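Just below is one structure, and these are the notes that go with it.
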Amino acid sequence: MELSSLIVPNNKKHFVVVFIGLVLIFKIALITAANEKSQIYTVHLGERQHDDPNIVTESHHDILGPLLGSKKASHESMIYSYRHGFSGFAAKLTSSQARELSGHPDVVRVTRSKNMKLKTTRVSDYLGLTSAAPTGLLHETDMGSEAIVGILDSGIWPDSKSFNDNGLGPIPTRWKGKCVSAEAFNASSCNRKLIGAMYYSKGLESKYNGSFNAAEKGEVMSPLDKIGHGTHCASTAVGSFVPDANVLSLAQGTARGSAPRARIASYKVCWNNEECFTPDIVKAIDHAIRDGVDVLSLSLGSEVPVDFEVDRDDFAIAAFHAVMKGIPVVCAGGNDGPEKETISNVAPWLITVAATTMDREYFTPITLGNNITLLGQEGLYIGEEVGFTDLLFYDDVTREDMEAGKATGKILLFFQRANFEDDFAAYAKSKGAVGVIIATQPTDSIDASTVDIAIAYVDNELGMDILLYIQTTKSPIAKISPTKTFVGRPLATKVARFSSRGPNSLSPVILKPDIAAPGSGILAAVPTGGGYDFMSGTSMSTPVVSGIVALLRKKRPDWSPAAIRSALVTTALQTDPSGEPIAAEGSPRKLADPFDYGGGLVNPVKVADPGLVYDMGHDEYVHYLCSAGYDNTSISKLLGEIYTCPTPIPSMLDVNMPSITIPYLSEEITITRTVTNVGPVGSVYKAVIQAPQGINLQVSPETLEFGSNTNKTTFTVKVSTTHRANTDYLFGSLTWADNEGHNVRIPLSVRTRVFNFKI
Numbered sequence: 001m002e003l004s005s006l007i008v009p010n011n012k013k014h015f016v017v018v019f020i021g022l023v024l025i026f027k028i029a030l031i032t033a034a035n036e037k038s039q040i041y042t043v044h045l046g047e048r049q050h051d052d053p054n055i056v057t058e059s060h061h062d063i064l065g066p067l068l069g070s071k072k073a074s075h076e077s078m079i080y081s082y083r084h085g086f087s088g089f090a091a092k093l094t095s096s097q098a099r100e101l102s103g104h105p106d107v108v109r110v111t112r113s114k115n116m117k118l119k120t121t122r123v124s125d126y127l128g129l130t131s132a133a134p135t136g137l138l139h140e141t142d143m144g145s146e147a148i149v150g151i152l153d154s155g156i157w158p159d160s161k162s163f164n165d166n167g168l169g170p171i172p173t174r175w176k177g178k179c180v181s182a183e184a185f186n187a188s189s190c191n192r193k194l195i196g197a198m199y200y201s202k203g204l205e206s207k208y209n210g211s212f213n214a215a216e217k218g219e220v221m222s223p224l225d226k227i228g229h230g231t232h233c234a235s236t237a238v239g240s241f242v243p244d245a246n247v248l249s250l251a252q253g254t255a256r257g258s259a260p261r262a263r264i265a266s267y268k269v270c271w272n273n274e275e276c277f278t279p280d281i282v283k284a285i286d287h288a289i290r291d292g293v294d295v296l297s298l299s300l301g302s303e304v305p306v307d308f309e310v311d312r313d314d315f316a317i318a319a320f321h322a323v324m325k326g327i328p329v330v331c332a333g334g335n336d337g338p339e340k341e342t343i344s345n346v347a348p349w350l351i352t353v354a355a356t357t358m359d360r361e362y363f364t365p366i367t368l369g370n371n372i373t374l375l376g377q378e379g380l381y382i383g384e385e386v387g388f389t390d391l392l393f394y395d396d397v398t399r400e401d402m403e404a405g406k407a408t409g410k411i412l413l414f415f416q417r418a419n420f421e422d423d424f425a426a427y428a429k430s431k432g433a434v435g436v437i438i439a440t441q442p443t444d445s446i447d448a449s450t451v452d453i454a455i456a457y458v459d460n461e462l463g464m465d466i467l468l469y470i471q472t473t474k475s476p477i478a479k480i481s482p483t484k485t486f487v488g489r490p491l492a493t494k495v496a497r498f499s500s501r502g503p504n505s506l507s508p509v510i511l512k513p514d515i516a517a518p519g520s521g522i523l524a525a526v527p528t529g530g531g532y533d534f535m536s537g538t539s540m541s542t543p544v545v546s547g548i549v550a551l552l553r554k555k556r557p558d559w560s561p562a563a564i565r566s567a568l569v570t571t572a573l574q575t576d577p578s579g580e581p582i583a584a585e586g587s588p589r590k591l592a593d594p595f596d597y598g599g600g601l602v603n604p605v606k607v608a609d610p611g612l613v614y615d616m617g618h619d620e621y622v623h624y625l626c627s628a629g630y631d632n633t634s635i636s637k638l639l640g641e642i643y644t645c646p647t648p649i650p651s652m653l654d655v656n657m658p659s660i661t662i663p664y665l666s667e668e669i670t671i672t673r674t675v676t677n678v679g680p681v682g683s684v685y686k687a688v689i690q691a692p693q694g695i696n697l698q699v700s701p702e703t704l705e706f707g708s709n710t711n712k713t714t715f716t717v718k719v720s721t722t723h724r725a726n727t728d729y730l731f732g733s734l735t736w737a738d739n740e741g742h743n744v745r746i747p748l749s750v751r752t753r754v755f756n757f758k759i
């Protein structure tokens, strides 16, 4: 079932005309025509008259130009030229111009644009990244057609419909990578969408002393994806449009990635059993830099304790070189939540992604005999409805009763216990039960049952409601219906329970994660079954952001990876797109804070126009390395040049991150940040402070002005505490706001430590 709202287009204003005379009528008509508002119309011209798309487009301007008075006006009016499968264009026209154009001898039909809802795998539309919009990041970058996204993962399944190259132009000329033929993979499988496919196994083979048996592990020694993870991530980032994608009729719609016309360069570095070895990863990054990728997307990471970036983390070092060459590196934050200090990929040059739910969920209806329907979540049941039958509480049934067939034909309510050794659904089926309701802690995962029995998962609260019904009813009965899809309100966004949380255990001053995106129950391409399946994890939220970064690279080619990260953070949402606050799944649930989602939920509608950015480059990263305690020798080796840290060592608090995190505040300190104007010349910004409870903040200056000769400005923030005891982290924000709609917000996280536990 899909919940949708009725959208009623604004009616045109109607004018009551008093007939005074023909002259007055004529004058009013002229005035009305002059003030008439333009709308988007599609002009259908039928089959193409030319094979060359450029000639087809020129023919469109030949039709539209005389109507609007010039070729220049035609270029300004036309938003699309349809020149491949058929001929036509979309343009901004008044109703009178549309009527006149409909009489042109070459025109088949002129239709006004309608407000239609594309039914997709939901992520992009949920985030406002709408392909049908005449403006915005997708439209302005041709959906990322010139971007190349490097996916380091478990390989690629080239036969997926998500990797079709329909409508794509030539491979970007800067591309230097290749597709390799190997076991069960032919280089001819690559196309203008999948432009690169390599695999890296020397690290893997070294672990097994050269005796790795691919067939035994369900693997092939080639770029082919056998486990589905890499295919799923690639299609989430840059998958092409595929209509009618679904899993057993759930989440039915058109699948597409964040940048649906971007190109894929697949680097297989992970193998079955989730074995991803750093030598293979580093070599893949080395090749990706050479090949000319625009973005690197890595849905992988380590566990706590995380490695020190320079001394032990090969991946972080390789990623540093990519970032220094202008390639953003987007990484998963990890799936060890909701416990704190579990976040991985914490280096300040990485873009680290947390995972949220979105406004699409899958509910399994449970109807009790009192006609109350409860909605089970997370598990998927795709089968026949189990009609009303006896409902039993498992704890009221002895093992002897089960063996004697007391559960036959019935539904069992079971509270999940760690000491129950068997799969309860399989156990119940073996004893004749036709359905089970399992009360458990929610996980935000979307998994279909592997047991042929009706199954519904509920949280402990709903479980207690069902138990109350059983214990207060003489003959309790229930039925379980197949899982249904629900989209839209009142479903609100949460940071997923599994998503790893901050603070950063390596360098608490550096806020991680940076940003959040949908990562729970994501439908995307896989090699098996119907070609699409659900997966959950920060592995799924990472490519959502990678695709958006690819679009941003094309829209703002002069921006550094740090500027891109800043734009993601400062434009992020702290509410979901419907305006509801974002919760954080955990125990107990709470409102999300920066350690759950960084700056917030990614907002592709605003990200290309942040107003100001907190930029970082060579000097800022070296500042971090010195303040982190890395010695001159290590830093010099990383940079490939002799470097000596300044004396005194700079404070890590002054690293120019789009956030301020103070783990140990006992006395007043002053923090420095520098912002770069990427908006209009002459912009003026004023500070808006939301101070954490009990924390005093003083920003100087309170107003930032950017003239024609000033595009960078430094400001300071004095921070002090009124607390007289140690506190946990408290949260706030600092926003620079102008009069043009820019609100450049960074999160603040402050912990008072009167007694410093690090002493």
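With UniProt numbering as the guide, the letters of the sequence shown map in order to residues 1 to 759. Each residue gets a CB set at the ideal place from its N, CA and C atoms; glycine is no exception. The structure displayed is predicted, hence computed values, not measured ones.
The three-state reading of DSSP puts C645 in coil, since its state is none of H, G, I, E or B.
Beta-bridge partners assigned by DSSP to E361: F486.
Taking a cut-off of 8 Å for Cβ pairs, the region 364–374 and the region 582–596 do not touch, as fewer than three such pairs fall below it. S700 sits in a strand when the DSSP states are folded into three classes. When C-beta atoms of the region 521–536 are compared with those of the region 239–254, three or more pairs fall below 8 Å, so the two segments count as touching.
With a threshold of 16 other beta carbon atoms within 10 Å, Y208 falls short and is exposed. Partner residues in a beta bridge of P610, as assigned by DSSP, do not exist. The continuous alpha helix (DSSP H) containing S541 extends over residues T538 to K555.
A direct Cα-to-Cα measurement between A456 and G435 gives close to 8 Å. DSSP places R753 outside both helix and strand once states are collapsed to three, so it counts as coil. In this structure, the beta-carbon distance from S266 to I156 falls below 7 Å.
Beta-bridge partners assigned by DSSP to F185: A182. DSSP assignment within the region 273–300 yields the following whole beta strand (DSSP E) runs of 3 residues or more, N-terminal first: 295–298. Take I63, set aside five residues on each side of it, and the residues of its chain with a beta-carbon closer than 7 Å to its own are H104 and D106, in chain order. The C-beta separation of G239 from G257 comes to about 4 Å, placing the pair in contact by the 8 Å criterion. Counting along the chain, the unbroken alpha helix (DSSP H) around I470 starts and ends at N460 to Q471. Sorting S302, G169 and N164 by C-alpha distance to the C-alpha of D52 places G169 at the top. Following the DSSP letters along the chain, one finds T173 in no beta strand (DSSP E), marked with neither H nor E. Under the 8 Å Cβ criterion, the region 340–353 does not count as touching the region 476–483, having fewer than three qualifying pairs. By the C-beta criterion, the region 385–393 is judged not to be in contact with the region 611–621, since fewer than 3 inter-stretch pairs fall below 8 Å. Taken atom to atom, the span from the alpha-carbon of S749 to that of S235 is near 35 Å.
Per the coordinates, the alpha-carbon of G218 lies some 7 Å from the alpha-carbon of K226. Rounded to whole angstroms, N726 and T364 show a C-alpha spacing of 46 Å. A straight-line Cα-Cα distance of about 39 Å links P223 and A583. Spatial neighbours of V605 in its own chain (CB-CB distance under 6 Å, excluding positions within 5 residues in sequence) are listed in chain order as G128.
D125 is classed as buried because its beta carbon has at least 16 other beta carbons within 10 Å across all chains shown.
Within the same chain, Cβ atoms closer than 7 Å to the Cβ of A187 are found at C179, V180 and S181, the five residues on either side in sequence being excluded.
Ranking P503, K429 and I195 by CA distance to the CA of D728 puts P503 first. Contact between I510 and M657 is confirmed by a C-beta separation of about 6 Å, below the 8 Å threshold. When only Cα atoms are considered, M358 and P561 end up about 27 Å apart. Here the C-alpha atom of G707 lies approximately 41 Å from the C-alpha atom of E58. The residues Y685, K686, V688 and N743, in chain order, have a CB closer than 7 Å to that of A737 in the same chain once the five nearest residues on each side in sequence are set aside. Counting only runs of at least 3 residues, the region 476–537 fully encloses the following beta strand (DSSP E) elements, listed from N- to C-terminal order: 477–480, 484–487, 515–518, 522–525 and 532–535. Contiguous beta strand (DSSP E) elements confined to the region 663–691 occur at 669–677 and 684–690, taking only those with 3 or more residues.
For C645, the closest C-alpha among the options I285, G629 and W349 is that of G629. Sequence-distant partners of Y200 (beyond 5 residues in either direction) whose C-beta falls short of 6 Å from its own C-beta, in its chain, are V269, D280, K283 and A284.
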